[in-house]
Every structure is written in structure tokens, then in C-alpha cells.
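Structure, as C-alpha cells:
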Amino acid sequence: MALTARVSVDPMRLEDVAAVHEIERLSFQTPWPAHAFEQELKGNRLARYLVARAGERVVGFAGIWSMVDDAHVTTFGVHPDWRRQGIGRHLLLNLAELSLVIGARRMTLEVRASNHAAQALYRTFDFDIVGHRPGYYTDDGEDALIMTTPELDGPAMRGRIATERARLAG
Ligand SMILES: CC(C)(COP(=O)(O)OP(=O)(O)OC[C@H]1O[C@@H](n2cnc3c(N)ncnc32)[C@H](O)[C@@H]1OP(=O)(O)O)[C@@H](O)C(=O)NCCC(=O)NCCS
Numbered sequence: 395m396a397l398t399a400r401v402s403v404d405p406m407r408l409e410d411v412a413a414v415h416e417i418e419r420l421s422f423q424t425p426w427p428a429h430a431f432e433q434e435l436k437g438n439r440l441a442r443y444l445v446a447r448a449g450e451r452v453v454g455f456a457g458i459w460s461m462v463d464d465a466h467v468t469t470f471g472v473h474p475d476w477r478r479q480g481i482g483r484h485l486l487l488n489l490a491e492l493s494l495v496i497g498a499r500r501m502t503l504e505v506r507a508s509n510h511a512a513q514a515l516y517r518t519f520d521f522d523i524v525g526h527r528p529g530y531y532t533d534d535g536e537d538a539l540i541m542t543t544p545e546l547d548g549p550a551m552r553g554r555i556a557t558e559r560a561r562l563a564g
């Protein structure tokens, strides 16, 4: 779908969960159930979730868990009709800024070895492959790659965040 409405990124609310779950269902072979998002929003004080909206419509979402000094990306998805229009980048920028605010030193995630689209997105944000978890995905036994950013508060990531913010504003 062509992006005509302004995209904004805000904290996920309980009323967003149905739309988020629909994107999750369209994006993953083993989606989280809707109540998992509700529980996260209501009960996990270490979790932070964001949604991207095109106008009023929820078109993407992402979440992190604050794990000591690591912001661990737990989930990330953009509605299939709205991909390749910069929404993933927009979410990732907000996730990085949020990670800095909560005091994380780095962002880390696991990604399927075959998920080249997501790996390409994360590379645009200076994530690098630092490890490998054989058979990590229990539904089909696929391997995960572990990707992490440089130090968020270091000059490289500060520069990356500023560049991405300026690109969005321009
Ligand atoms: C991965 C995903 C979130 C990307 O979202 P998106 O909104 O389409 O990403 P963007 O438009 O912001 O893409 C930014 C950059 O990432 C890279 N990228 C994104 N999708 C890509 C693809 N399908 N193939 C190659 N590169 C891709 C490109 O470098 C792109 O920049 P460009 O469009 O200027 O070439 C989306 O494809 C998705 O929801 N996939 C299913 C769920 C999933 O895999 N989540 C991640 C789990 S770890």
C-alpha cells in the first residue's frame, strides 16, 4: 500500500493489540497469541513495545526487554502491505532511542538464518552478526543468528541515530 499518511511511532496500547496480532499472524509461522502482548503490556515492567501508525492505522510494531545493560529485541514486524517504505527503519530508530533512554549499552536480537530481509534491515542500523544458535527455533529447528549493535552511547551509534533522525525529518 502506498504510504501517503504520516508515519508516527508511539508506545503500544492495549487497544492496539488486535491490529498488532494481525500483523504478527501475517508475519510469523509461530505467532505470539494476542494475550501474550496483553500480558507484556500489563505485567512486564522490563518490556517496552512500540507501534508504527500510518495516520491512525497500526502498520508495524517492535519490542525490547531490558536485560541488565542489553536491550533485547523480542519482536519486530511490519504489515506485508506496507513493507519497503521505511517503516521498519523508523521503528528501529525509535527502538534505539528508547534503548538509550532506558540505559542499555547495546541492542541484541536473534534472527532466523534464512531471514535475509530482517538481517538487511538490522545491518542498515549497524547490527553485526556476533554468534549463532543452532536449532534455536523450536517449530522447525532453524538456526538463529545473534546480531548486536556497537555501544549505543558511542560515537558510531550516536552518529547513526542522528543520521537516521535527520533522514526522517528531511
Ligand atoms: C523485516 C521487516 C520488519 C522490514 O520492514 P520494512 O518496513 O519493509 O523495512 P524498511 O522499508 O524500513 O527497509 C529498510 C531497509 O532494510 C532492508 N530491507 C528491508 N526489507 C528487505 C528485503 N525484503 N530485502 C532486502 N532488503 C530489505 C533494505 O536495506 C531497506 O532499505 P531500502 O528499502 O532503501 O532498500 C519486514 O520485512 C517484516 O515485517 N518481515 C516479517 C517479520 C520479520 O521478519 N521480523 C523480524 C524478525 S527478527
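Just so you know, we're using our numbering here: the sequence shown kicks off at 395 and counts up by one. We put the beta carbon where it would ideally sit given N, CA and C, even for glycine.
Using only alpha-carbon positions, find the residue among 462, 496, 540 that is nearest to residue 509.
Considering only 462, 496, 540, the residue with the shortest C-alpha distance to residue 509 is 540.
Note to self: Given a cut-off of 7 Å on the beta-carbon distance, is the pair residue 456 and residue 503 in contact?
What the structure shows: Going by C-beta atoms, residue 456 is not nearer than 7 Å to residue 503.
Outcome for residue 461 when other beta-carbon atoms lying within 10 angstroms are tallied against a minimum of 16 | Residue 461 comes out exposed.
Considering only heavy atoms of ligand 1, does any lie closer than 6 Å to the CB of residue 540? Flag unset: Cβ of residue 540 not near ligand 1.
Exercise. Measure the Cβ-Cβ separation of residue 498 and residue 550 and say whether it is below 7 Å.
Key: No, these two residues do not count as a Cβ contact at 7 Å.
**Request:** Going by DSSP, name the residue or residues bridged to residue 428.
**Result:** Beta bridge pairing from DSSP links residue 428 with no other residue.
Notebook entry, point to check: Straight-line CA distance for residue 445 to residue 469?
Noted result: Approximately 11 Å between the Cα atoms of the pair.
Hey, is the stretch 528-538 in contact with the stretch 475-487, meaning 3+ C-beta pairs nearer than 8 Å?
With the rule of 3 Cβ pairs closer than 8 Å, the stretch 528-538 does not count as touching the stretch 475-487.
Cutting at 8 Å between CB atoms, please list the residues of its own chain near residue 520, excluding the five before and the five after it. Cβ contact annotation for residue 520 (same chain, cutoff 8 Å, sequence separation greater than five): 543, 544, 550, 551, 554, in chain order.
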